[in-house]
Every structure is written in structure tokens, then in C-alpha cells.
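Remarks on the structure that follows.
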Amino acid sequence: MGQNYLKSIGLGIAAGAATAAGIIAGQKIMTTAKISQGHPVKHRMLDISSNLMQHKYPLDAMSTYLNGFHFYADDMGRQVEATHFCIHLRHDLHQCVIFDSNEPDARLIGIEYIISEERFKTLDEEEKQLWHSHHYEVKSGSLVAPGVPQLAEHAYFKDLVTTYGKTFHTWQYDREDFPYGIPQLMMGFTADGQLREDLLQHRDRSLGISTQKVRQQREDIPTPMVQPGANAWESGQTVQTSLDYMQMQE
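For the sequence shown, the residue numbers in my numbering are 1 to 250.
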């Protein structure tokens, strides 16, 4: 009887796993079909097959989902919400892809690299101009990890508060409905009164969170001293990417 019981449990687990796999596969098919509408049938079938059959290891490794805000390095008036998906690649380096939302049809708008304070100190002065601190984003609650339990999120951001980010947006979606132009350097906020309140409230409503509550929960996280060279825009001058014509090298 004991063996039969264990066998029944095993069959139940296998059936449950198969059911879960079927549900996931079904969700993938529905999602792919939804965002592929308007494409030729052969392209839609290729999308569905690829979604089911291909392994996408770099994407699967993107374990952290963060939501925050950036502004264009040369224009604080241009502020956008940014949905990050990140992997802790090394002890001193995260890499993130950035979308305009966490929806299946989200637009890919940029990338961000996040490094430790120790690594930032080793950068030359020119390189430091490209990086922004995360101290305010963490302490203010404007940078969040949606859905993560408060205790785990608190521990994560206690580490992140001392880091620095280099961000480029490849799609100026606040102005264009197509990824025109060249990548633009972005920065992070460093003080109250900089981030538009309407953007913050819209984000909170969408995610069902309270930035003010998150801020209160992080009051005990120490505010680090920001390293010289970061947040270069605070000096009144900043750098931004531009398109230059060069002699082709043979």
C-alpha cells in the first residue's frame, strides 16, 4: 500500500508538472499571437514556434525586475518611466535591459550597467561623467522591485544604494513612436522636487504601490557619500551623445 501511495503521489506530481507546462506553453502561444497580429501568417507561425522551442538563456537569467525613472542628461524636463530587467553578472556589475512597461508588447528603450562604489572609484574622470548615483532613487522609494516581499526588497536596496549606473536610451519614446536617432545618455534624480509628481502617481497607480510608504520603509538604510565625478549634470554642464562624421579607416 505504501508503494502504491508513493506511486500515486509521483503520478500526481508528474501530472501537475505536465499541466503547468501546458499552461505556460498556452500562455506563450496566446501572448505571441496577440503581439504578432498584423504580420504575415508564416511570420506569426515562426514567432510561435521560436517562443516554444528556443532556449533564451540570457533572457531567462534576467532575474530582477525594477521600476524607476530617468531623465535625459542634458534636459531634466524630459523624464520617462523605465522598466528594468537585470542580472547580477559579477559581484561588482549588473546589466539591465530597459523597456517602457512590463507588458508583452513593451518597447525596448535602452540599457543600463550598474557597478559597485569600489569599481566606480577606479574609473577615470571622463568616464565618471557618464554615471549617476542611486542613493536618492533608493532612499526616496522612486526605484522599486514590484512584487518582491518587503523584507527581501529592503535587503536588496540596502546593497543597491551605494551603486552607480550608466544608462543609454535607444528609443526616445517621450517624443517619437519609432526608435529614431542615436542613443541618449540618461541620468537619475538626486533630490526631492526633481521628479514630476504626475509621473510618480501614474506609476504608483499602475503598480498598486505607495512610493511614500516605500520611502518610510527605507528610512533606516544609511545614505552613502556620493563619490566625486558622478551626477556630472549637477555642475551645470553635462555631456550628451551626438552624431559625428568620421574618415573611414581601411
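Note that CB positions come from ideal geometry on N, CA and C, so glycine has one too.
Computed from a prediction, not measured in an experiment: that's the story for all the values here.
Expressed to the nearest angstrom, what Euclidean distance is found between the alpha-carbon atoms of residue i and residue j?
| i | j | result |
| --- | --- | --- |
| residue 113 | residue 172 | 19 Å |
| residue 160 | residue 138 | 7 Å |
| residue 199 | residue 111 | 21 Å |
| residue 56 | residue 169 | 23 Å |
| residue 99 | residue 247 | 34 Å |
| residue 75 | residue 53 | 44 Å |
| residue 190 | residue 250 | 45 Å |
| residue 235 | residue 120 | 19 Å |
| residue 27 | residue 102 | Annotation note: pLDDT 48 at residue 27 (below 50); position unreliable, coordinate value reported separately. Going from the Cα of residue 27 to the Cα of residue 102 covers about 16 Å. |
| residue 223 | residue 163 | 12 Å |
| residue 93 | residue 245 | 33 Å |
| residue 229 | residue 136 | 16 Å |
| residue 174 | residue 197 | 16 Å |
| residue 117 | residue 192 | 23 Å |
With residue i as the anchor, note down where its alpha helix (DSSP H) starts and where it stops.
| i | result |
| --- | --- |
| residue 75 | Unbroken run through residue 75 is the beta strand (DSSP E), 75 to 90; no alpha helix (DSSP H). |
| residue 138 | 135 to 140 |
| residue 55 | Taken as a continuous stretch (DSSP letters only), residue 55 belongs to no alpha helix (DSSP H), as it is neither H nor E. |
| residue 215 | 211 to 217 |
Go ahead and label residue i buried or exposed: buried means 16 or more other beta carbons lie within 10 angstroms of its beta carbon, across all protein chains shown.
| i | result |
| --- | --- |
| residue 144 | buried |
| residue 61 | exposed |
| residue 214 | buried |
| residue 232 | buried |
| residue 69 | buried |
| residue 73 | buried |
| residue 188 | buried |
| residue 239 | exposed |
| residue 66 | buried |
| residue 195 | buried |
| residue 186 | buried |
| residue 122 | exposed |
| residue 81 | buried |
What residues in its chain sit with their C-beta under 7 Å from that of residue i, if we drop five residues either side in the sequence?
| i | result |
| --- | --- |
| residue 211 | 141, 142, 200, 204 |
| residue 301 | Residue 301 is absent from the structure shown; the chain starts at 1 and stops at 250. |
| residue 21 | With a pLDDT of 38 at residue 21, under the threshold of 50, the predicted position of this residue should be treated as unreliable, and no value is reported. |
| residue 95 | 86, 87, 89, 113 |
| residue 125 | 229 |
According to DSSP, is residue i helix, strand or coil?
| i | result |
| --- | --- |
| residue 173 | coil |
| residue 195 | coil |
| residue 189 | coil |
| residue 206 | helix |
| residue 242 | coil |
| residue 132 | strand |
| residue 157 | helix |
| residue 97 | strand |
| residue 168 | strand |
| residue 251 | The shown model of the chain, from 1 to 250, leaves out residue 251, and the question about it has no answer. |
| residue 247 | coil |
| residue 227 | coil |
| residue 184 | strand |
What are the boundary residues of the beta strand (DSSP E) that includes residue i?
| i | result |
| --- | --- |
| residue 112 | 108 to 115 |
| residue 71 | 64 to 72 |
Suppose the cutoff is 6 Å on Cβ atoms and the five residues either side in sequence are ignored; what does the same chain contact list for residue i look like?
| i | result |
| --- | --- |
| residue 166 | 113, 130, 131 |
| residue 243 | 182 |
| residue 148 | none |
Looking only at its own chain, which residues have a Cβ that is under 8 Å from the Cβ of residue i, when we skip the five neighbours before and after it?
| i | result |
| --- | --- |
| residue 183 | 110, 168, 169, 170, 241 |
| residue 256 | The chain is shown from 1 up to 250; residue 256 falls before or after that span and cannot be answered. |
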